[in-house]
Structure formats: structure tokens, C-alpha cells
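Residue 94 in my numbering sits at position 104 of the sequence shown, and the numbers go up by one each step. We treat Cβ as the ideally placed atom computed from N, Cα and C, and that holds for glycine.
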Amino acid sequence: MKNVQKTARFAGILYLLITVFAIIAHIYMPDTLIVDGDAAATAQNIVNNATLFRAGGVGSELIILLTEIILSVVLYALLKPVDKTLSLLAAVSRLAMTTIHGFNLINYFFVIAFAGGTGSLTAFSPEQLNALVMVFLDAHSIGFTIGIAFLVLHVFILGYLIFKSGYFPKVLGILFIAAGFGYLFDSFALLLSSSYTTTPGIIAMVISISEIAFPLWLLIKGVNKAEWEKKIAKLV
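This is the structure:
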């Protein structure tokens, strides 16, 4: 932490790295291979594009998760001068999400196995195998949402710490607190309401703005070094 500006910019790079691979893993790969309401077409797409499914789904997600671990520690270091305990709690919350998402990847390996339908799986009919592919894709989606529910605490605390820091603009903290309400409503609604299936545009927009504005600020402006030094002096 001797050069806090380098640390801040490193955090910005980690954020953007997660964003790039999240687009691949959570948007491009599913939109390319998964056909809503058509299990047979989805299973065939996965078989025909196995490399895309493994690299775009599993590989990209692994990069995201490894990056999340590093980012959790870096954000803790950046924000512990504000409140060491809350900064630690925010890091633990983000790591809890990362752990859940790591275990959730097992669903993708079930999808690969059932889509291939080889070995002992030949005992199942093609229709049964296709149905199982969709079941485990849905299970992965649910597992991802459960992980995001654990991220809610991180986002709220991060917003508070940014707001109180003095070395980041207060508006960034406000954006994260707003995003926290968005994550809270969206994740719990997806898990608890069968009729709620799509994130409203306004919620997605608020979350996206906060998740883009903060990394860009880290990369371009970093921290207010004078205010940072005041906070770190009190911590020591």
C-alpha cells in the first residue's frame, strides 16, 4: 500500500477484467447456445459447440472467480482506513459469493455429461437427457442468483465505506447503495417468486452504472491521496 494510486488502478483493472469475462460467461455463451423452451436444440448446440461451452462458460467463470478473490483483498486494503471491521465484512461477503459460484460450476459439468449422453448415460432416452440438460442449466442459474444474494451485503457496505472515505466521491457511494437495493430486490425476487423471471431495466441500469463508474474512477482518478494519508495515519 506504499503507492495507493497503483493499488487503486490495479483494482480498476480487476473490475474491468471481471466485466469482460462476465459478458462472455453470462451473456455471450448463454445467448449463443441456450434456446429457451427447446431442450433438444440447447443440448445439440452444446454438443456442437463444446469448446465454446467449456471455455466461455467454465473457463471464463474460473477466471472471474480467481479475480474476485484478488479484488476482495485489494478492496479491503483500499477501504480499511475508513473502517477496518466493515471492510473485512465486505470482503468476506464477496468471498462467500465467490465460493458459492465456484461450487455452482459443478452444474455445468453435469450439463456437459448429459448433453454428450455417452457411457452409462445411454440408458436414458434422448428426451430424458435433453430434459436433464435444462434442469442443470436452471440449477446453475439458481446457484448464481444465490451467490448474488450474498453479494448484497458487500455492495451496501462498499457504498457506505466509499461515501464515508473522503478520498472517493460521495456520489460513487450513493450509486453503490442504490445498486445494493437493486441486487437485494432482484436476487430475492428471483429466488422467492415464481412469477418474477426478468430483471427490470431500471434495476439493471442502476447496477450497471455503479459497477462501471467506480472502476473507471479507480483507473482514471484513483484516490485523493491527501485524504487517504489522513485516514491511514489515524488507522496506524
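Three-state secondary structure (DSSP) at Leu95?
-> coil
Under 8 angstroms between C-beta atoms of Gly212 and Ile193 | no
Buried or exposed by the 16-neighbour rule on C-beta atoms within 10 Å, applied to Ile233 | The structure shown does not extend to residue 233, since the chain is modelled only from -9 to 226, so the question has no answer here.
From this set, Met87, Lys70 and Ala30, which residue's C-alpha is nearest Ala121's C-alpha?
-> Ala30
Lys59 to Thr32, Cα distance in whole Å?
-> Looking at the sequence provided, one finds Ile at residue 59 rather than Lys. Roughly 32 angstroms separates the two Cα atoms.
Validate contact between the stretch 146 to 166 and the stretch 123 to 138 using beta carbons, cut 8 angstroms, 3 pairs | no
Check whether the stretch 165 to 179 touches the stretch 200 to 207, counting contact only when three or more Cβ pairs, one atom from each stretch, lie closer than 8 angstroms.
-> yes
Could you work out which residue in Phe158, Thr135 and Val101 is closest to Ala86 when comparing CA atoms only?
-> Thr135
Mind checking whether Ala103 and Glu51 have CB atoms under 8 angstroms apart?
-> no
What do you get for Asn35, buried or exposed, if any count of 16 or more other CB atoms within 10 angstroms of its CB means buried?
-> buried
If you draw a straight line from the alpha carbon of Leu119 to that of Ile54, how long is it in whole angstroms?
-> 29 angstroms
Between the CA atoms of Thr108 and Pro116 - distance to the nearest angstrom | 11 angstroms
Quick check: the stretch -4 to 3 against the stretch 90 to 105, are there 3 or more CB pairs under 8 angstroms?
-> no
Asn39 - DSSP class collapsed to helix/strand/coil = coil
Count the other CB atoms within 10 Å of the CB of Ala242; is the residue buried (16 or more) or exposed (fewer)?
-> Nothing can be reported for residue 242: it is not among the residues displayed for the chain, which extend from -9 to 226.
Closest by C-alpha distance to Val25, when choosing among Leu141, Ala216 and Met124 | Met124
Boundaries (first-last residue) of the alpha helix (DSSP H) holding Asp176 | Lys160 to Leu182
Helix, strand or coil at Gly133 according to DSSP, with G and I counted as helix | helix
How would you call Ile195, buried or exposed, if buried means at least 16 neighbouring beta carbons within 10 angstroms?
-> It is Met, not Ile, that sits at residue 195 in the sequence shown. So Met195 ends up on the exposed side.
Mark Lys221 as exposed unless 16 or more other C-beta atoms lie within 10 angstroms of its C-beta, in which case mark it buried.
-> buried
Which listed residue (Lys74, Thr112 and Leu208) has its alpha carbon closest to that of Gly159 = Before going on, a small fix: residue 159 reads as Pro here, not Gly. Taking only the C-alpha atoms, the option nearest Pro159 is Leu208.
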